[in-house]
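What follows is a set of notes on a single structure, which appears directly below.
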Amino acid sequence: MTPTLTLQCLTKTYGSQRALSEVSLTVAPGERVALLGHNGAGKSTMMKIILGLIPYDSGELLVTGAAPGSPAARRQVAYLPENAAFHPALTGLEQIRHYLALRGENSALGIGLLERVGLGPAAKRRIGTYSKGMRQRVGLAQALIGKPQLLVLDEPTGGLDPVSRRDFYELLDGLAAEGASILLSSHALTEVEARTDRILILSGGVLVAEGSLGDLRRSAALPVSFQVTPQREALAEVALALPEATATGETLTLSCDQNDKLRLLARITELGSKVADIDVHPPSLEDIYSHFSKRAGQ
Amino acid sequence: MNRITATAGAEFRIAVRNRWVAISIAMMALFSLVLSAAGSSATGTIGADRLSVVVASLTSLAVYLVPLVALLMSFDAIAGEVERGTLSLLLTYPVSRPEILLGKLLAHLAILTLAVAVGYGIAAVAALAVDGEAIAGLPALWRLLWSSVLLGATFLGVGYAASALARRPSGAAGLAIGVWLGLIVLYDLGLLAAIVADNGGIFTTKVFPLALLANPADAFRLYNLAASQATSAAAGVAGAANTIPIWASLTSILLWPLAAIALATAAFRKVTP
Ligand SMILES: Nc1ncnc2c1ncn2[C@@H]1O[C@H](COP(=O)(O)OP(=O)(O)OP(=O)(O)O)[C@@H](O)[C@H]1O
Ligand SMILES: [Mg+2]
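Quick mapping for you: the protein sequence lines, in order, are chains A and B.
The numbering used here numbers the first residue of the first sequence as 3 and each following residue consecutively.
The numbering used here numbers the first residue of the second sequence as 681 and each following residue consecutively.
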């Protein structure tokens with residue numbers, strides 16, 4: 003299958019400041035890709051370049067097989083900007099109908115789209131009276147218009163409550179299942195972890211890591227930590243058997259490389275009933291994220 | 681085409697909600713009423729029918745008011761979208777920048793036409809009510825109407841260009857006021873001063889007529905006064921109307937809207953959201 007989106011050695015500078023440095027990536031049809039990175043890492047810049055809103059300095063870029071910002075690409079790509087804004091004097095329904103008309107779609111679909119994002123009851127109120135999350139939903143509704151091949155969503159869950167976030171990701175799953183590619187940026191690591199196929203980490207304009215969460219976990223090779231709680235009377239004995247552990251109160255904490263995980267586990271189980279409880283903590287997404295972000299000098 | 685009319689529809693709604701429709705209609709109606717009332721005191725002394733006299737004074741009014749209303753409606757068109765942050769999303773839609781501009785133009789021009797028609801209509805009714813001869817002035821009124829719409833289109837285009845160049849509503853408003861002052865007020869004052877200084881020399885005979893044609897507002901005034909019976913009723917630059925052929929001023933008022941919209945398109949193309 004031909005990729006929906008291809009970036010090759012894309013570079014963008016603002017004056018003397020590098021916003022993107024030789025970024026290369028591809029996104030396949032039906033793939034959900036999350037773009038992570040610190041504030042100012044270049045996520046929004048990359049998205050605006052993909053949409054053809056701002057020019058880039060060098061590199062190659064193909065969006066649904068066309069040049070970014072060309073009429074062919076614009077017909078296939080939907081965008082949700084970072085802070086979705088609309089004219090406050092229009093109602094949600096009027097705004098969506100306008101966007102439908104611009105895409106050559108039937109404007110009667112408007113109310114259905116708003117209902118899909120939970121804005122049915124507010125459809126005939128002016129957007130000026132909407133809350134931040136409601137404006138964000140108008141933004142989502144317009145991104146669903148037509149059958150876009152690529153959705154570029156800049157912090158789509160910003161301002162959404164937890165239940166709406168879950169609904170939103172379910173919506174995305176449906177779109178991806180129908181073959182749409184999704185590129186979204188986020189600062190909410192846990193939701194990205196469960197809901198996307200691939201993670202990209204940008205740091206200072208450089209793509210420092212790319213892959214599924216498992217890939218990233220392996221290549222980061224962060225230590226696994228164990229928390230062992232011995233039986234009260236066996237505390238000294240267990241501490242002696244695990245000399246590398248540090249004791250905090252009644253629990254012993256130790257960590258080891260991914261590769262030594264099973265060996266360590268075997269040593270602990272050998273202690274049998276002297277151990278009351280054991281917790282294994284694999285490195286969290288936050289740990290992995292800060293590992294890559296830090297390595298790039300943040 | 682569908683995209684242009686959809687844009688125009690949304691813009692028209694916004695203008696209705698922002699009271700621009702009401703404000704511009706009220707403004708034109710009010711001034712027309714005042715002029716009609718003032719005109720009724722100067723009866724038949726000029727030898728023209730009452731409507732023709734009213735048209736002459738409406739022309740002097742329109743020169744100031746139509747560009748003002750047009751600039752007020754248009755200065756926010758692009759700068760406002762940039763500031764609100766709505767432009768970046770709009771530009772990812774399969775709609776071209778000229779289409780966006782034409783949509784806005786269509787809506788704003790419709791409002792302006794409505795306002796001008798209501799204002800002039802009131803003046804016509806008032807004149808016809810007191811003077812049966814006033815029918816003779818209807819062609820002049822019709823000419824004034826469509827040339828006012830062209831003048832409005834010119835200044836809408838100028839307003840969009842200012843809006844795109846300034847990129848901020850406050851800057852665009854300042855630029856629009858500057859353009860209005862420059863083209864409508866200072867331009868004529870400058871010409872007048874130059875004529876006085878020139879004292880019937882080459883400037884007065886060669887440059888002055890061209891300078892009038894080069895300004896859309898002066899061309900509008902020239903065209904309407906030259907074509908009207910009541911030239912003598914208006915003062916100032918009107919004297920020149922006799923020396924400049926009517927096709928020249930007509931060409932100017934026809935070309936200006938195109939030039940202004942081309943300028944606006946060029947300026948809009950340079951805007952990155
Ligand atoms: N118009 C601009 N002019 C100059 N510099 C800019 C401009 N837009 C962005 N930048 C710079 O480019 C870098 C990347 O910005 P960008 O908005 O892409 O970050 P981001 O990853 O989206 O951050 P955030 O998580 O805060 O949204 C930043 O250092 C920013 O200051
Ligand atoms: Mg951003």
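Glycine residues also receive a C-beta, built at the ideal position from the N, C-alpha and C atoms.
Check whether the Cβ of B/TYR957 lies closer than 7 Å to any Cβ atom in chain A.
-> Past the boundaries of the shown model lies residue 957 of chain B; chain B is included only from 681 to 953, so the question cannot be answered.
Could you tell me the distance, in whole angstroms, from the CA atom of B/GLY724 to the CA atom of B/GLU813?
-> Here B/GLY724 scores only 47 on pLDDT, less than 50, and its place in the model should not be relied on; the value that follows carries that caveat. So the two alpha carbons sit approximately 11 Å from each other.
Tell me, please, which residues DSSP counts as bridged to A/SER106.
-> Checking the sequence, you will find Gly at residue 106 of chain A rather than Ser. None, per the DSSP bridge assignment.
7 Å Cβ cut-off: residues of chain A touching B/ASN879 = Going along chain A, no residue has its Cβ under 7 Å from B/ASN879, so there is no contact; the nearest lies around 55 Å.
Under 7 Å, CB to nearest heavy atom of ligand 2: contacting residues = A/LYS45, A/SER46, A/GLU84, A/ASP156, A/GLU157, A/SER187
Exposed or buried, which one is A/ALA268 when buried takes at least 16 other CB atoms within 10 Å?
-> Classification for A/ALA268: exposed.
Comparing the C-beta of A/PRO70 with each C-beta of chain B, is any distance below 7 Å?
-> no
So, B/GLY783 versus B/THR931, is the Cβ gap smaller than 7 Å?
-> Against a cut-off of 7 Å, the Cβ pair of B/THR931 and B/GLY783 comes out as no contact.
Nearest-angstrom Cα separation, counted from A/GLU212 out to A/HIS293 = If you take the alpha carbons of A/HIS293 and A/GLU212, they lie about 13 Å apart.
Would you please verify whether the beta carbon of A/ARG137 is less than 7 Å from any beta carbon of chain B?
-> no
Compute every distance between the C-beta of A/TYR16 and the non-hydrogen atoms of ligand 1, then say whether any falls below 6 Å.
-> yes
So, using beta-carbon positions, are A/SER257 and A/PRO232 closer together than 7 Å?
-> Cβ atoms of A/SER257 and A/PRO232: not closer than 7 Å.
Return the bridge partner residues of A/GLY181 from the DSSP annotation.
-> DSSP, once it has assigned bridges, lists no residue as partnering A/GLY181.
Is there at least one Cβ from chain A nearer than 7 Å to B/ALA790's Cβ?
-> no
Report the option in A/SER26, A/PRO90, A/ARG234, A/ASN108 whose CA atom is closest to the CA atom of A/TYR132.
-> A/PRO90
What is the DSSP secondary structure of A/ARG168, reduced to helix, strand or coil?
-> helix
B/VAL796 - partner residues in DSSP beta bridges | Answer is none; B/VAL796 lacks a bridge partner.
With 16 as the cutoff for other CB atoms within 10 Å, does A/ASN41 come out buried or exposed?
-> exposed
At least 3 beta-carbon pairs within less than 8 Å: the stretch 240 to 251 of chain A vs the stretch 54 to 67 of chain A = no
Where A/LEU186 and A/VAL79 are concerned, what is the direct C-alpha to C-alpha distance, given to the nearest angstrom?
-> 13 Å
Do three or more CB pairs link the stretch 765 to 772 of chain B to the stretch 853 to 868 of chain B at distances below 8 Å?
-> no
For A/ILE56, name the three-state secondary structure that DSSP assigns.
-> A/ILE56 falls in the coil class under three-state DSSP.
Find the residues of chain A that neighbour B/ARG764, judging by a C-beta separation of less than 9 Å, and give them in chain order.
-> ALA87, PHE88, HIS89, PRO90
By Cβ distance below 7 Å, which residues in the same chain neighbour A/LEU162 in space, the five residues on each side in sequence not counted?
-> GLY135, GLN138, PHE170
Near-chain B residues of the stretch 101 to 119 of chain A (beta-carbon distance less than 9 Å), N- to C-terminal order | The stretch 101 to 119 of chain A vs chain B, Cβ under 9 Å: TYR101, LEU102, ALA103, LEU104, ARG105, GLY106, SER109.
Determine the chain B residues that contact A/PRO158 at a beta-carbon separation under 7 Å, and present them in chain order.
-> The contacting residues do not exist; A/PRO158 stays about 13 Å from chain B at best.
Where does the unbroken beta strand (DSSP E) through A/GLN19 begin, and where does it stop?
-> 19 to 29
Use the C-beta contact count for A/THR6: other C-beta atoms within 10 angstroms, 16 or more gives buried, fewer gives exposed.
-> buried
Less than 7 Å separating the beta-carbons of B/ALA759 and B/ARG699?
-> no
Which whole-angstrom value describes the C-beta separation of B/TYR800 and B/LEU831, a residue pair presumed to lie in contact below a C-beta threshold of 8 Å?
-> At roughly 13 Å, the Cβ-Cβ gap does not stay under 8 Å, so B/TYR800 and B/LEU831 are not in contact.
Quick one: is A/TYR58 near chain B, going by C-beta distance under 7 Å?
-> no
Using a Cβ-Cβ distance under 7 Å, would B/LEU769 count as near chain A?
-> yes
Looking at A/ALA211 and ligand 1, is the gap between the Cβ and the nearest heavy atom below 6 Å?
-> no
Using a Cβ cut-off of 7 Å (strictly closer), state whether A/GLN300 contacts chain B.
-> Interpretation of A/GLN300 is limited by its pLDDT of 48, a score under 50 that renders its predicted location unreliable; the figure taken from the coordinates is listed afterwards. Answer no: the Cβ-Cβ gap between A/GLN300 and chain B never drops below 7 Å.
Are the beta-carbon atoms of A/GLY112 and A/LEU95 separated by less than 7 Å?
-> Their beta carbons are under 7 Å apart, which means A/GLY112 touches A/LEU95 by this criterion.
Any heavy atom of ligand 1 closer than 6 Å to the Cβ of B/GLY765?
-> no
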